[in-house]
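Presented below is the structure to which this report refers.
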Amino acid sequence: MPVSRRTAMKAMGVAGGLAAVPSTVYARGDHPDDKREPADEKGKPANDGPPEAPPTGGVRVAHFSPDAPNVDILVDGEQVLADVAYRDISPYLELAPGTYQVTITAAGDPEAVVYDEEVTVENAFYTLAAIGELEAGTFDVLVLTDAGSAVVRLAHAAPDAPAVDVSAAGQPLFENVAFGETSEYVAVPAGDYTLDVSPAGEPGAVVASVDVTLELATPYTAAAVGYLDPPADVEDREFEVLLTPDGPAAQEAEN
257 MPVSRRTAMK AMGVAGGLAA VPSTVYARGD HPDDKREPAD EKGKPANDGP
307 PEAPPTGGVR VAHFSPDAPN VDILVDGEQV LADVAYRDIS PYLELAPGTY
357 QVTITAAGDP EAVVYDEEVT VENAFYTLAA IGELEAGTFD VLVLTDAGSA
407 VVRLAHAAPD APAVDVSAAG QPLFENVAFG ETSEYVAVPA GDYTLDVSPA
457 GEPGAVVASV DVTLELATPY TAAAVGYLDP PADVEDREFE VLLTPDGPAA
507 QEAEN
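Note that the numbering used here gives residue 300 to position 44 of the sequence shown, counting from 1, and the numbers run on in steps of one.
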């Protein structure tokens with residue numbers, strides 16, 4: 257599938273204090289569509305076609321690893337996000353379909369590589385969620401395919417928490433979701449809810465609650481992050497649930 261280098265990857269906004277690096281990451285292979293004919297008598301390239309279509313997909317990064325430092329993100333060796341902090345969720349970056357080498361390093365220290373793997377994307381929206389602990393050797397990156405309809409899913413990224421259940425208004429939404437797992441999306445009517453998180457099978461032992469407003473025709477990810485029992489040398493990493501819109505809804509929120 258030929259993809260113009262001009263549209264391969266570009267930042268579509270900056271949110272949450274993140275820095276989108278002003279550069280372009282190119283899809284691999286030849287790009288014959290970038291070869292242009294000589295200009296006509298009016299100075300306009302002869303093969304100048306219609307405006308490029310709006311993006312139909314993208315990739316964002318979510319930092320949910322509570323003992324990891326701020327990080328930089330590189331795609332095919334080129335930095336695209338800088339100084340991403342714990343709890344930050346980047347804006348979506350437009351990424352052409354293909355396979356890319358995604359590298360995560362400590363911010364400002366390119367030699368401190370914590371993740372270096374190939375990631376394949378199509379015309380869809382994705383979240384790369386960094387979870388686990390560096391010290392415990394459980395650091396990993398979940399590749400989540402984001403939805404485009406009125407649904408909610410749960411991503412369990414709290415390393416010391418057991419499998420959990422999540423309920424809303426006393427009704428179960430997700431059951432027995434373990435660390436490193438992501439539930440399927442479930443349909444939820446629009447409205448205001450309190451999401452209660454409890455150990456799996458113990459509905460009365462609520463460990464965290466979050467008030468949310470779910471809007472019509474909007475997909476969401478509820479991410480359980482942090483520690484139930486934070487280590488003494490780690491501050492502001494308590495267990496909590498972060499809710500973020502997914503796919504096109506996130507782009508609209510950024511604009």
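Beta carbons are placed, not taken as given, at the ideal position from N, Cα and C, and that holds for glycine. Everything numeric in this text was worked out from a predicted model, so none of it was measured.
Straight-line gap, residue i to residue j (C-alpha atoms, nearest Å)
i, j, result
"residue 480", "residue 334", "30 Å"
"residue 495", "residue 483", "5 Å"
"residue 504", "residue 404", "7 Å"
"residue 452", "residue 340", "28 Å"
"residue 491", "residue 402", "30 Å"
The ligand FAD heavy atom lying under 7 Å from the CB of residue i
i, result
"residue 493", "Although the ligand FAD was asked about, the structure shown includes no ligands whatsoever."
Residue environment, residue i, which counts as buried when at least 16 other CB atoms sit within 10 Å
i, result
"residue 415", "buried"
"residue 506", "buried"
"residue 460", "exposed"
"residue 366", "exposed"
"residue 388", "buried"
"residue 323", "buried"
Of the residues the options, the one placed nearest residue i, counting alpha carbons only
i, options, result
"residue 349", "359, 331, 501, 411", "331"
"residue 502", "397, 492, 441", "441"
"residue 354", "319, 432, 346, 314", "314"
"residue 445", "458, 393, 456, 470", "470"
First and last residue of the uninterrupted beta strand (DSSP E) at residue i
i, result
"residue 324", "Here residue 324 belongs to no beta strand (DSSP E), and DSSP marks it neither H nor E."
"residue 494", "Element bounds for residue 494: n/a, residue is neither H nor E."
"residue 428", "427 to 433"
"residue 506", "Unbroken run through residue 506 is the alpha helix (DSSP H), 504 to 510; no beta strand (DSSP E)."
"residue 455", "447 to 455"
"residue 414", "Here residue 414 belongs to no beta strand (DSSP E), and DSSP marks it neither H nor E."
"residue 346", "Neither: residue 346 is in no beta strand (DSSP E) and is coded neither H nor E."
First through last residue of the alpha helix (DSSP H) which encompasses residue i
i, result
"residue 334", "Unbroken run through residue 334 is the beta strand (DSSP E), 334 to 340; no alpha helix (DSSP H)."
As assigned by DSSP and simplified to three states, the class of residue i
i, result
"residue 391", "coil"
"residue 366", "strand"
"residue 467", "strand"
"residue 385", "strand"
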